[in-house]
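Structure first, then comments.
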Amino acid sequence: MYSKILLPVDLNEEASWAKALPTALALCKSFDASLHVVTVLPDYRMPLVGGYFPEDFAAKAHEAVTRAQHEFIQQHVPDDVQVQSVIVDGSPWEAIIKAAKKLEVDLIVMASHNKRKFADYVLGPNAEHVVHHSKMSVMIVR
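Each residue of the sequence shown is one higher than the last, beginning at 66 in the working numbering.
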């Protein structure tokens, strides 16, 4: 049923993956699907904020997140699951959808973990946007 599963992960926020990761891994094993772990970096090159960071900040941030994501994968993804590390830039929900399209995934598995307002309480702001704007299936894990 699924051959490629995307899992968005905020490496600084365990709630973004603690419940969704076991579900994604179980689906990968059940369907012999590959797992695509996506981490979104803010776009530091935007003119409004770019001037406040050193010129090579975005490249260094990308390198650091890549290393951290590889460590995350080593610690949390079993060897029998085919996994790809993906780092993207931009707003979280837009970057997740863009990565899902580019990778041609069948399913996005993500956690609902933010509780700022009622809509966020029910779903989470990024999860809500992904669900509403994605053309592929999305599984929200609570």
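Just so you know, even glycine gets a beta-carbon here, dropped at the ideal spot from N, CA and C.
Practice task
Put Leu100 into one of helix, strand or coil per three-state DSSP.
Solution key: strand
Problem - Buried or exposed by the 16-neighbour rule on C-beta atoms within 10 Å, applied to Lys69 - result: buried
Problem - With 16 other Cβ atoms within 10 Å as the buried cut-off, status of Met66 - result: exposed
Handout entry: Cβ contact check for the region 90-104 and the region 134-153: 3 or more pairs under 8 Å
Key = yes
Handout entry: Through-space distance from Leu76 to Ile173, alpha-carbon basis
Key = 17 Å
Handout entry: Inter-residue CB distance, Val130 and Ile161 (contact presumed, cutoff 8 Å)
Key = With a Cβ gap of about 15 Å, Val130 and Ile161 do not count as contacting.
Problem - Identity of the residues DSSP links to Val46 by a beta bridge - result: Nothing in the structure corresponds to residue 46, since the chain is present only between 66 and 207.
Handout entry: Limits of the beta strand (DSSP E) - the one that Pro73 falls within
Key = 69-73
Problem - Cβ neighbour criterion (16 or more within 10 Å) applied to Pro87 - result: exposed
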